[in-house]
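This report refers to the structure that appears directly beneath it.
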Amino acid sequence: MADYLVIVESPAKAKTIERYLGKKYKVKASMGHIRDLPKSQTGVDVEHEYQPKYITIRGKGPVLKELKTAAKKAKKVYLAADPDREGEAIAWHLAHSLDIDQNSDCRVVFNEITKDAIKESFKHPRSIDMDLVDAQQARRILDRLVGYNISPLLWKKVKKGLSAGRVQSVAVKMIIDREREIEKFIPEEYWTIESIFNHNKEEFEGFFYGIDGKKRELKTKEEVDEILHTLKGKDFKVDKVNKRERKRNPAVPFTTSSLQQEAARKLNFRARKTMMVAQQLYEGIDLGKAEGGITGLITYMRTDSTRVSQTAKKEAADYITETFGKEYLGSQKQGKTAEGAQDAHEAIRPTSVNRDPKSLKSVLSRDQYRLYKLIWDRFTASQMSPAVMDTVTVHLVNEGVEFRATGSQIKFKGFMKVYIEGNDDNVKEEDRLLPELEEGMKVEAKEINPNQHFTQPPPRYTEARLVKTMEEQGIGRPSTYAPTLDTIQRRGYVTLDNRRFVPTELGEIVTDLIAEFFPEIIDVDFTVKMEDDLDAVEEGKIQWVKIIDGFYQGFEKRLETAEKEMEKIEIKDEPAGIDCEECGHGMVYKMGRYGKFLACSNFPDCRNTKPILKEIGVKCPKCKDGNIVERKSKKRRTFYGCDNFPECDFISWDKPIARPCPKCESLLVEKKSKKETQIQCVNCDYQEEAQT
Numbered sequence: 001m002a003d004y005l006v007i008v009e010s011p012a013k014a015k016t017i018e019r020y021l022g023k024k025y026k027v028k029a030s031m032g033h034i035r036d037l038p039k040s041q042t043g044v045d046v047e048h049e050y051q052p053k054y055i056t057i058r059g060k061g062p063v064l065k066e067l068k069t070a071a072k073k074a075k076k077v078y079l080a081a082d083p084d085r086e087g088e089a090i091a092w093h094l095a096h097s098l099d100i101d102q103n104s105d106c107r108v109v110f111n112e113i114t115k116d117a118i119k120e121s122f123k124h125p126r127s128i129d130m131d132l133v134d135a136q137q138a139r140r141i142l143d144r145l146v147g148y149n150i151s152p153l154l155w156k157k158v159k160k161g162l163s164a165g166r167v168q169s170v171a172v173k174m175i176i177d178r179e180r181e182i183e184k185f186i187p188e189e190y191w192t193i194e195s196i197f198n199h200n201k202e203e204f205e206g207f208f209y210g211i212d213g214k215k216r217e218l219k220t221k222e223e224v225d226e227i228l229h230t231l232k233g234k235d236f237k238v239d240k241v242n243k244r245e246r247k248r249n250p251a252v253p254f255t256t257s258s259l260q261q262e263a264a265r266k267l268n269f270r271a272r273k274t275m276m277v278a279q280q281l282y283e284g285i286d287l288g289k290a291e292g293g294i295t296g297l298i299t300y301m302r303t304d305s306t307r308v309s310q311t312a313k314k315e316a317a318d319y320i321t322e323t324f325g326k327e328y329l330g331s332q333k334q335g336k337t338a339e340g341a342q343d344a345h346e347a348i349r350p351t352s353v354n355r356d357p358k359s360l361k362s363v364l365s366r367d368q369y370r371l372y373k374l375i376w377d378r379f380t381a382s383q384m385s386p387a388v389m390d391t392v393t394v395h396l397v398n399e400g401v402e403f404r405a406t407g408s409q410i411k412f413k414g415f416m417k418v419y420i421e422g423n424d425d426n427v428k429e430e431d432r433l434l435p436e437l438e439e440g441m442k443v444e445a446k447e448i449n450p451n452q453h454f455t456q457p458p459p460r461y462t463e464a465r466l467v468k469t470m471e472e473q474g475i476g477r478p479s480t481y482a483p484t485l486d487t488i489q490r491r492g493y494v495t496l497d498n499r500r501f502v503p504t505e506l507g508e509i510v511t512d513l514i515a516e517f518f519p520e521i522i523d524v525d526f527t528v529k530m531e532d533d534l535d536a537v538e539e540g541k542i543q544w545v546k547i548i549d550g551f552y553q554g555f556e557k558r559l560e561t562a563e564k565e566m567e568k569i570e571i572k573d574e575p576a577g578i579d580c581e582e583c584g585h586g587m588v589y590k591m592g593r594y595g596k597f598l599a600c601s602n603f604p605d606c607r608n609t610k611p612i613l614k615e616i617g618v619k620c621p622k623c624k625d626g627n628i629v630e631r632k633s634k635k636r637r638t639f640y641g642c643d644n645f646p647e648c649d650f651i652s653w654d655k656p657i658a659r660p661c662p663k664c665e666s667l668l669v670e671k672k673s674k675k676e677t678q679i680q681c682v683n684c685d686y687q688e689e690a691q692t
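Residue 167 in UniProt numbering sits at position 167 of the sequence shown, and the numbers go up by one each step.
Here's what the structure looks like:
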């Protein structure tokens, strides 16, 4: 029997750590939390300092029994849950259930699952940090008081199955506010004038800037015509040439938020998927016996710190110098950590920069490889030298009318040799060269083209934009972003249209009711202050009961008012315009867990339901009788199938095309990538570029 028992959260992590620690240690998994507040009741005693009532989570009895048996046989038990508030709370619950003294040196934490990190952490066990535990308890109790009091009220006044959460309500409000901005937006006309200039048979672009050195906005066609009439001929004089060298610094390593944003931009990953794949990389991948077996490839992925250990910096410096040359090595200054960040962890980085993505491709799944490469690239680039750019601005004048042409060239790639940060506006980093021009030269304007434009409303939130905005405003914490975005979609408060959030009627009704009766719940400043208060609890500056009481005193009064004054709202089902084939009554649109569906209006007498099918104008290639329709999977991914399902089981993740392959008469489909869309045959090697 092993001398020591180590309890972690997941079985995958347990296997890795047990191999590192050796025969004297037995490592078991608690499978996450073993105790929580009961689902059937609020579980918070508001009369006695908000004491929580914890119970063993249903289904965890056998796990707890096994851990108790193992703990009794061990000389010492170490609690090694994740290094954050949630992990500290799990360790505290385990200590309580297994009769372990929480003040003893029973707690072990590590930021990465590597042999050296694990062995070092066991040299420095500590007691359970009750400030961390109290911060987690305060959040859990606060969210329970909000959810378990407002949600039943919404069931009575609106419809069953609704929920209200502290952070999720703010997120929905942000999406609704943006949608209302878009609806109120009045486009304004403006014009630009573009010119194609020619010098020694080299062409370059220039744009109207202003008159007599003063910038001028063009609002109407009349203003444009006035400018064009001012010009004399097509010859422009080079009035000024400004050349300068600028440096562009690399982005700092990933935090949870920036990882979710970049994975959305570059990999099309949803926040939930990013965190799931990152968890796999953190807990360990089997690299084979020659490479050390199961090994954690990245550091802990729930962090808002950009700090990097000196050991990791040294390893990166050696790798960069050897691989790219000494001139590519950066100054390795410490990245600035965001205000309010919990700097207990490092940034998200590879556990060893020497494990480059290419060397691991054979042992990683496609998603694991792509995310690991993103993390590796970002970290490596963060330790490299700045890129050096040469920029040129040319001022071109004709009768006082000034056009400007800009060009840039990468003089030294630096970190850009490895990685360039994405952006939400898809601005490409590329060379735009200008011919060699000097003051006093003449150039010819081959074309002068006025273009009419209209101002655009602010864009709807993508997942990346919403996470970025929530982080900037201090709403939520790294661990809350992915579950929050998932919850507001499952509840039917928002939908995704072209990967952008659109509020539903239900979301607007619920949010407006909360705004009327519980304004603090969706007030950004209140939510930010609450996060700051929870941070203060973690730092031992304030008692958690004081935080809860300060909130609940006013909340309880608002709850009583809402019970009396909130009017009952009936959400009428939208007619679908078709009849039920089973009873003849009209079909209506209803909102379910996975989005809208068709249901008979004669429910509950008739329980006929159907998915909403969108025909794409293609006959089924398998049964020849049905039509191909667009469907949604349970994970809300679009696919294509026959409307004769289940009689016909044709399915395709790629969109079929309404014409046969000219080479073999088989089905053609659209294959989409970030760069292009191609038409390919499913049977032969025929392919063509899609017409845009």
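All C-beta atoms in this analysis are idealised placements derived from N, C-alpha and C, irrespective of residue type, glycine included.
Measure the Cβ-Cβ separation of residue i and residue j and say whether it is below 9 Å.
i: C106; j: A89; result: no
i: V8; j: Y25; result: no
i: Y481; j: V467; result: yes
i: I547; j: D533; result: yes
i: I371; j: L485; result: The sequence as given places Leu at residue 371; Ile does not occur at that position. No, these two residues do not count as a Cβ contact at 9 Å.
i: T220; j: E262; result: no
i: V394; j: N242; result: yes
i: Y20; j: A74; result: no
i: L231; j: N398; result: yes
i: L142; j: M530; result: yes
i: C648; j: K622; result: yes
i: V238; j: V392; result: no
i: D36; j: Y50; result: no
i: T16; j: G407; result: no
i: W376; j: V401; result: no
i: P646; j: P457; result: no
i: A278; j: M301; result: yes
Taking all protein chains shown into account, do 16 or more other C-beta atoms lie within 10 angstroms of the C-beta of residue i, making it buried, or fewer, making it exposed?
i: T144; result: One detail in the question is off: residue 144 reads as Arg in this sequence, not Thr. Classification for R144: buried.
i: R659; result: exposed
i: residue 695; result: Nothing about residue 695 can be read from this structure; the chain reaches only from 1 to 692.
i: I571; result: exposed
i: D343; result: With a pLDDT of only 44 at D343, under 50, the local geometry of the prediction cannot be trusted, and no value is derived from it.
i: T321; result: exposed
i: K417; result: buried
i: K123; result: exposed
i: R490; result: exposed
i: residue 701; result: The structure shown does not extend to residue 701, since the chain is modelled only from 1 to 692, so the question has no answer here.
i: residue 700; result: Since the first residue of the chain shown is 1 and the last is 692, residue 700 is not available in this structure.
i: P250; result: buried
i: G340; result: Confidence at G340 is low in this model, with a pLDDT of 44, below 50, so the placement of that residue should be treated as unreliable; the coordinate-derived value is given next. G340 comes out exposed.
i: G213; result: exposed
Which one or two residues does DSSP pair with residue i in a beta bridge?
i: V170; result: Answer by DSSP bridge pairing: none, since V170 is not bridged.
i: V388; result: K247, F412
i: L667; result: P660
i: residue 778; result: Nothing about residue 778 can be reported from this structure: the residues present for the chain run from 1 to 692 only.
i: S331; result: According to DSSP, S331 bridges with nothing at all.
i: T495; result: V502
i: H199; result: E202
i: W191; result: L218, Q452
i: F403; result: F208, L396
With 9 Å as the threshold, decide whether the Cβ of residue i is near any Cβ in chain D.
i: D685; result: Checking the listed chains, one finds no chain D in this structure; it contains a single protein chain.
My parser needs the beta strand (DSSP E) runs of 3 or more residues fully inside the segment 594 to 652; what are they?
For the segment 594 to 652, the full-length beta strand (DSSP E) segments reaching 3 residues or more read 595 to 600, 609 to 611, 614 to 619, 627 to 632, 638 to 642 along the chain.
Which runs of the alpha helix (DSSP H), 4 residues or longer, sit entirely within the segment 542 to 579?
Secondary structure within the segment 542 to 579: the alpha helix (DSSP H) runs of 4 or more consecutive residues, fully enclosed, are 544 to 565 (chain order).
Answer yes if the segment 509 to 523 comes into contact with the segment 287 to 307, meaning at least three C-beta pairs across the two stretches below 8 Å, and no otherwise.
Result no; under three Cβ-Cβ pairs closer than 8 Å.
Check whether the segment 144 to 159 and the segment 498 to 517 are in contact - that is, three or more C-beta pairs closer than 8 Å.
Between the segment 144 to 159 and the segment 498 to 517 there are three or more inter-stretch CB-CB distances shorter than 8 Å, so the stretches are counted as touching.
Quick test of the definition: if touching needs 3 or more C-beta pairs under 8 Å, does the segment 443 to 461 touch the segment 247 to 261?
Touching, no.
Which ranges does the alpha helix (DSSP H) cover as unbroken runs of at least 4 residues, wholly within the segment 416 to 491, from first to last along the chain?
Complete alpha helix (DSSP H) runs here, min 4: 463 to 473, 481 to 490.
Extract the residue ranges of the beta strand (DSSP E) inside the segment 231 to 292, only unbroken runs of 3 or more that lie entirely within it.
Here the runs fully enclosed are 235 to 248.
Could you pull out every unbroken beta strand (DSSP E) segment of at least 3 residues lying fully inside the segment 116 to 153, listed in chain order?
List check, beta strand (DSSP E) in window: nothing returned.
With a threshold of 8 Å, are at least 3 pairs of Cβ atoms found where one atom belongs to the segment 97 to 114 and the other to the segment 125 to 134?
Verdict: yes, contact present.
Taking one C-beta from the segment 110 to 125 and one from the segment 73 to 86 each time, how about it: are there three or more such pairs within less than 8 Å?
The segment 110 to 125, when compared against the segment 73 to 86, does touch it at the 8 Å Cβ threshold.
Any 3 or more C-beta pairs closer than 8 Å across the segment 379 to 395 and the segment 322 to 331
Between the segment 379 to 395 and the segment 322 to 331, the count of Cβ pairs shorter than 8 Å is three or higher; the stretches touch.
Which full runs of the alpha helix (DSSP H) of 4+ residues lie inside the UniProt domain "Toprim" (3 to 114), going along the chain?
Fully enclosed alpha helix (DSSP H) runs of no fewer than 4 residues occupy 11 to 21, 61 to 73, 85 to 97 of the UniProt domain "Toprim" (3 to 114), in order along the chain.
Flag this pair as touching only if the segment 269 to 276 and the segment 344 to 352 have three or more C-beta atom pairs under 8 Å; answer yes or no.
The segment 269 to 276 makes no contact with the segment 344 to 352; the number of CB pairs closer than 8 Å stays below 3.
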